[in-house]
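The block underneath contains the structure these notes are about, expressed in structure tokens.
2 protein chains.
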Amino acid sequence: MKVINSISEMRALAESARKTGRRIGLIPTMGFLHEGHLSLMRKARKECDAVVVSVFVNPAQFAPNEDFQRYPRDVEGDRKKCDSAGVEVLFMPSAADMYPKDAGVFVTVDGVSDILEGAVRPGHFRGVATVVAKLLNIVKPHAAFFGQKDFQQCVVIKRMVKGLNMDVDIIVFPTIREQDGLAMSSRNGYLNVDERRAAGSLYSALTAGEALLKSGERDPVKLKDAMRAALVKEKGMMIDYIEIADPQSLAPLVKVEARAVMLMAVRLGRTRLIDNILIQ
Amino acid sequence: MKVINSISEMRALAESARKTGRRIGLIPTMGFLHEGHLSLMRKARKECDAVVVSVFVNPAQFAPNEDFQRYPRDVEGDRKKCDSAGVEVLFMPSAADMYPKDAGVFVTVDGVSDILEGAVRPGHFRGVATVVAKLLNIVKPHAAFFGQKDFQQCVVIKRMVKGLNMDVDIIVFPTIREQDGLAMSSRNGYLNVDERRAAGSLYSALTAGEALLKSGERDPVKLKDAMRAALVKEKGMMIDYIEIADPQSLAPLVKVEARAVMLMAVRLGRTRLIDNILIQ
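Protein chains in written order, with the numbering used here: chain A, 11 to 290; chain B, 11 to 290.
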């Protein structure tokens, strides 16, 4: 496995892979890799000839009050995991190279960026869209792989790709979960024992909502009440939102008819967790 | 010459040209082609294997009060000119295809988009950056060619390309002028006889400023006064701005030391004209 830090070296390697007709798959990550990322790597290896994993903790998607500084990092662990997973290139650019002074260039995706996560984290999706655009332009993949856990991020990126006519397939892969249903996340390590126990109830709450829906309940207010009731109320738990929305537009549904996504964001102490479940 | 309206057809053709190692040059235009565009085509033919000219009057870069509706169009004339100039593909997408309903995706370039032209035309450079990003993603050129007449546009696009790590050379070619110095522009056709005569003085004013600078005058206030005085004051002429700025940042200079760009925007009746001169 090749470890590349230089943007121009990454670009040259991608260009030569493309010229020889190899299909490139990119998995953009912020590192501290877990089983969710590894499942994306396996998926990418099946569908592509060359798998590139980028590890870049993107300052542009953190607000000043957020956890950019303490976001977990494990360069050596990430390297080993990528190597074992058959990744061809681990791309780890520096923040100074990715955001030269006074760059000031951003991609904005209106309509889906300022609701849900965007309402709680202003500027977050502008940062996400911008860094993903940059990575897509550097690595030039045929396909890019994202986890469904960050559902709204996937919606934003799909819209960006369509809106800017970028030539790449966006592939969203199901969330990988712990035994108790907690969605794998690099932030789970922040949780203390009590918080960790309560965290498992996010998924129970989502599946409770799904079960109620499948039993015939169509009223989102009642469905959301049931989900709220199913959360284990650890002290210090704060619900940022529980929502049932259209999976394309993320507009809240007034009656749940066909496809829907149930989304949830909860704070446990200093840790913020998100999860979702797609109803087909 | 191939005329292509479909985005997917253009994309497929560009991809196959790239695979065979041919160098693609793109000249993005709003049509109503003149000698300025033709000089870009000749330049592109020298430097590239396949020249693509796009003709698209981009609604996103016009403010509601501007001349989008009356902007001159001549599809048949443009086709003939491109054909004679040895263009391989004339790409003419529809507005409905370029901006599907609720797209809402934009590229913004901070710092250089809200001054000079951007101050007079809010949202203009967001529209320019967005459409150029889209065209670059569709046509995938190795090089894109722009006229220096739209100096600030060139600065915005170069910043966008750098900021989003787009893999394309931006080539800026000198302004082509009429006999009296008036910069070629599709909007010159709006001018009546009196306005047309006065319009020639934009370039005289710029060259007067340049001559004074070269004679040793370093004070931008005095240089701008001299330029203002050299304008032929046709009735109804309004000066939007006369500025002397750093060519990279477009920041106004307080003392003109080395490289500088002199920029000017003037309204003659309902017509807005811009011009500039680069001091090396």
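Built from N, CA and C at the ideal position, the CB exists for glycine as well.
(1) In three-state terms, what does DSSP make of Val141(A)?
(2) Apart from the five residues on each side of it in sequence, which residues of its chain come closer than 6 angstroms, Cβ to Cβ, to His47(A)?
(3) Identify the continuous alpha helix (DSSP H) that holds Arg206(B) and give its terminal residues.
(4) Helix, strand or coil for Asp250(A) per DSSP?
(5) Name the two residues that bound the continuous beta strand (DSSP E) containing Lys12(A).
(6) Quick check on this structure: which residue in Arg136(A), Cys92(A), Lys91(A), Ser16(A) has the alpha carbon closest to the alpha carbon of Ile125(A)?
(7) Using the Cβ count rule (16 or more neighbours within 10 Å means buried), how would you classify Ser104(B)?
(8) For a cutoff of 8 angstroms on Cβ pairs, would you count Asn175(A) as touching chain B?
(9) Quick check: what's the CA-CA separation for Met108(B) versus Val242(A)?
(10) Looking only at its chain, what residues have a beta carbon closer than 7 angstroms to the beta carbon of Arg89(B), apart from the 5 residues adjacent to it on each side?
(11) Just verifying my parser: in three-state terms, what is the DSSP assignment at Leu291(B)?
(12) Examine chain A for any beta-carbon lying closer than 8 angstroms to the beta-carbon of Thr118(B), and answer yes or no.
(13) Mind listing the chain A neighbours of Arg21(B)? Cutoff is C-beta to C-beta under 9 angstroms, in chain order.
(14) At which residues does the alpha helix (DSSP H) containing Arg21(A) begin and terminate?
(15) Roughly how far, in whole angstroms, is the beta-carbon of Ile148(B) from the beta-carbon of Met20(B), given that I think they are within contact range, below 8 angstroms?
(16) In terms of residue numbering, what span does the beta strand (DSSP E) encompassing Phe161(A) cover?
(17) Going by other Cβ atoms of all chains shown within 10 Å of its Cβ, with 16 needed for buried, is Ser18(B) buried or exposed?
(18) Are there 16 or more other CB atoms within 10 angstroms of the CB of Gly199(A), so buried, or fewer, so exposed?
(19) If you reduce the DSSP assignment to three classes, tell me which class Ile148(A) lands in.
(20) Can you check which of these residues, Leu222(B), Thr217(B), Glu188(B), Leu223(B), is closest to Arg207(B) by C-alpha distance?
(21) Compare the beta carbon distance of Leu212(A) and Met272(A) with 8 angstroms and say whether it is the shorter of the two.
(22) Report the residue from Leu50(B), Asp59(B), Ala255(B), Lys232(B) whose alpha carbon sits nearest the alpha carbon of Thr30(B).
(23) Starting from Gly121(A), find everything on chain B with Cβ-Cβ shorter than 7 angstroms and list it in chain order.
(24) May I ask you to report which of helix, strand or coil DSSP gives Phe135(B)?
(25) Should Ser26(A) be labelled buried (16 or more other beta-carbon atoms within 10 Å of its own) or exposed?
(26) Using a Cβ-Cβ cut-off of 8 angstroms, state whether Arg169(A) counts as contacting chain B.
(27) Please report the distance separating the alpha-carbon of Gln162(A) from that of Leu233(A).
(28) Please determine, among Lys56(B), Thr118(B), Phe155(B), Gln158(B), the residue with the shortest C-alpha to C-alpha distance to Ala139(A).
(29) Would you verify that the beta carbon of Ile17(B) is, or is not, closer than 8 angstroms to some beta carbon of chain A?
(30) Excluding the 5 residues flanking Ile186(B) on each side, which residues of the same chain have their C-beta closer than 6 angstroms to its C-beta?
(31) Going along the chain, which residues of the segment 125-147 of chain B sit with their C-beta nearer than 7 angstroms to a C-beta in chain A?
(32) On the three-state DSSP scale, how would you describe Asp285(A)?
Here's the rundown:
(1) Along the first sequence, one-based indexing puts residue 141(A) at 131. Of the three classes helix, strand and coil, the one that applies to Val141(A) here is helix, per DSSP.
(2) Within the first sequence, residue 47(A) is the residue found at index 37, counting from 1. Thr39, listed in sequence order.
(3) On the second sequence, position 196 is the one that residue 206(B) refers to. Unbroken alpha helix (DSSP H) run through Arg206(B): 203-209.
(4) Sequence index remark: in the first sequence, residue 250(A) carries index 240 (1-based). DSSP places Asp250(A) in strand when its eight states are reduced to three.
(5) If you number the first sequence from 1, residue 12(A) lands on position 2. From DSSP, the beta strand (DSSP E) with Lys12(A) extends over 12-14.
(6) As a position in the first sequence, residue 125(A) is number 115, starting the count at 1. Cα-wise, what sits closest to Ile125(A) is Arg136(A).
(7) On the second sequence, position 94 is the one that residue 104(B) refers to. Exposed: under 16 other Cβ atoms inside 10 Å.
(8) As a position in the first sequence, residue 175(A) is number 165, starting the count at 1. Yes, Asn175(A) lies at the interface with chain B (some Cβ there is under 8 angstroms from its Cβ).
(9) Within the second sequence, the letter at position 98 stands for residue 108(B). Within the first sequence, the letter at position 232 stands for residue 242(A). Distance between the alpha carbons of Met108(B) and Val242(A): 48 angstroms.
(10) Indexing the second sequence from 1 puts residue 89(B) at position 79. Excluding positions up to five away in sequence, the list reads Val13, Leu100.
(11) Chain B is shown from 11 up to 290; residue 291(B) falls before or after that span and cannot be answered.
(12) Against the second sequence, residue 118(B) aligns to sequence position 108. Taking Cβ atoms only, chain A reaches closer than 8 angstroms to Thr118(B), which makes this a yes.
(13) The count along the second sequence starts at 1 and reaches residue 21(B) at position 11. Within 9 angstroms Cβ-Cβ: Asn175, Asp177.
(14) Start at 1 with the first residue of the first sequence, and residue 21(A) comes out as number 11. Looking at the DSSP string, the run of the alpha helix (DSSP H) that includes Arg21(A) is 17-29.
(15) Locating residue 148(B) in the second sequence gives position 138, counting from the first residue. Locating residue 20(B) in the second sequence gives position 10, counting from the first residue. Confirmed, Cβ separation roughly 5 angstroms.
(16) Here residue 161(A) is taken as the residue at index 151 of the first sequence, counted from 1. Here Phe161(A) belongs to no beta strand (DSSP E); instead the alpha helix (DSSP H) covers 161-173.
(17) Along the second sequence, read from residue 1 onward, the residue named residue 18(B) stands at position 8. Ser18(B) comes out exposed.
(18) Position 189 of the first sequence holds residue 199(A). Exposed, by the Cβ-count rule.
(19) Along the first sequence, read from residue 1 onward, the residue named residue 148(A) stands at position 138. Helix at Ile148(A).
(20) Taking the first residue of the second sequence as 1, we reach residue 207(B) at position 197. Answer by Cα proximity: Glu188(B).
(21) Reading the first sequence from its first residue, position 202 is the one you call residue 212(A). Reading the first sequence from its first residue, position 262 is the one you call residue 272(A). Not closer than 8 angstroms, so no.
(22) Here residue 30(B) corresponds to residue number 20 of the second sequence, with the count starting at 1. When only C-alpha atoms are compared, the closest one is Asp59(B).
(23) Taking the first residue of the first sequence as 1, we reach residue 121(A) at position 111. Per Cβ cutoff of 7 angstroms: Asp112, Gly114.
(24) Along the second sequence, read from residue 1 onward, the residue named residue 135(B) stands at position 125. In this structure, Phe135(B) counts as helix in the three-state DSSP scheme.
(25) Along the first sequence, one-based indexing puts residue 26(A) at 16. Exposed: under 16 other Cβ atoms inside 10 Å.
(26) As a first step, residue 169(A) must be located in the first sequence, where it is residue number 159. Answer yes: the Cβ-Cβ gap between Arg169(A) and chain B drops below 8 angstroms somewhere.
(27) Taking the first residue of the first sequence as 1, we reach residue 162(A) at position 152. Taking the first residue of the first sequence as 1, we reach residue 233(A) at position 223. Distance between the alpha carbons of Gln162(A) and Leu233(A): 20 angstroms.
(28) Translated into positions along the first sequence, residue 139(A) becomes position 129. Closest option to Ala139(A), Cα to Cα, is Thr118(B).
(29) The residue labelled residue 17(B) in the question sits at position 7 within the second sequence. Yes, Ile17(B) counts as interfacial toward chain A.
(30) Your numbering for residue 186(B) matches position 176 in the second sequence. Cβ within range, chain order: Glu45, Gly46, Ser49, Met194.
(31) Ala143, Lys144, Asn147
(32) As a working mapping, residue 285(A) is identified with position 275 in the first sequence. In this structure, Asp285(A) counts as strand in the three-state DSSP scheme.
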